[in-house]
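Enquirer:
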Amino acid sequence: MEEKETSEDEMMKVRTSRKVYLPVYFMIIVLFATIGYIYFSGKEVGELAFRAVLIFTVGAFLFTEGYRFQNLYAIDNQSIIHVRGILFKKTKRTDLTSVSDVELIQNPWQILLNYGNVEVSVFSKDNSTNVKNINRPLEFMTFLQKKMAGKHAFPAPAATHVGGKK
66 MEEKETSEDE
76 MMKVRTSRKV
86 YLPVYFMIIV
96 LFATIGYIYF
106 SGKEVGELAF
116 RAVLIFTVGA
126 FLFTEGYRFQ
136 NLYAIDNQSI
146 IHVRGILFKK
156 TKRTDLTSVS
166 DVELIQNPWQ
176 ILLNYGNVEV
186 SVFSKDNSTN
196 VKNINRPLEF
206 MTFLQKKMAG
216 KHAFPAPAAT
226 HVGGKK
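Heads up, the sequence shown is in my numbering, so the first residue is 66 and it goes up one at a time.
1) In the segment 121 to 181, which residue ranges form an unbroken beta strand (DSSP E) of at least 3 residues, counting only runs that do not cross its ends?
2) For LEU87, collect the residues of the same chain with a Cβ closer than 8 Å to its Cβ; drop the 5 residues on either side in sequence, then sort them by chain order.
3) When the Cβ atoms of the segment 97 to 115 are set against those of the segment 161 to 175, are three or more pairs found closer than 8 Å?
4) Assuming LEU137 and LYS78 are in contact, meaning their beta carbons sit under 8 Å apart, how far apart are those beta carbons, in whole angstroms?
5) According to DSSP, LYS78 sits in a beta bridge with which residue or residues?
6) Looking at the structure shown, is GLU109 part of a helix, part of a strand, or coil, going by DSSP?
7) What does DSSP give as the partner residues of SER186 in its beta bridges?
8) State the Cα-Cα distance for the pair ASP100 and PHE188, rounded to the nearest angstrom.
9) Where do the ends of the beta strand (DSSP E) carrying VAL85 lie?
10) Taking Cβ to Cβ, would you say ASN200 is nearer than 9 Å to LYS84?
11) Please name the residue, chosen from VAL123, THR81, LEU203, that lies closest to ILE93 on a Cα-to-Cα basis.
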């Protein structure tokens, strides 16, 4: 994997992954396959059944995309930002200097599909930020740690000569 250098003004934005909704998308495919099988086997597909499948499909897409756009996570030079909401937005900003711990949480399904959760803890656990169900969480965590290292870095002391000859 090629490592990218992070510039000072680089920013990363992520949203909830669509991979979370694979079971819903699979269900839609199964419903359409069932309707197609019934239709092509010469039996009549009821108008109510067809409309129910269409309504379920549209509703599922609207729900999943709506939920995806409810959460935006961003890392800039100063902080990690969590914006929640579509019409009414609530923004939570956590300064990078107050972050004490970053934890990656994935179950086997998430490891297989490369998405997961990153828990960003501050010194008081009450104000931690949970970055939920994002694609490439390890990349997000690495980017955050690089930004934190830049914020927590102390300037190197000037070279001094103590005693003896130069």
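Here a beta-carbon is modelled for each residue, glycine too, at the ideal position from N, C-alpha and C.
Expert: Concretely, from the data shown:
1) Runs found: 136 to 140, 144 to 149, 155 to 160, 164 to 170.
2) The beta carbon of LEU87 sits closer than 8 Å to the beta carbons of LEU178 from its chain, once the five residues preceding and following it are set aside; these are given in chain order.
3) The segment 97 to 115 vs the segment 161 to 175: no contact.
4) Contact flag correct, Cβ pair sits at about 6 Å.
5) Answer is ALA139.
6) DSSP places GLU109 in coil when its eight states are reduced to three.
7) Note: SER186 is bridge-paired with ASP166 in the DSSP secondary-structure output.
8) The sequence given here places Ile at residue 100; Asp does not occur at that position. Taken atom to atom, the span from the alpha-carbon of ILE100 to that of PHE188 is near 55 Å.
9) Premise fails: VAL85 is in no beta strand (DSSP E) and is neither H nor E.
10) Closer than 9 Å, so yes.
11) Among VAL123, THR81, LEU203, the Cα nearest to that of ILE93 is on VAL123.
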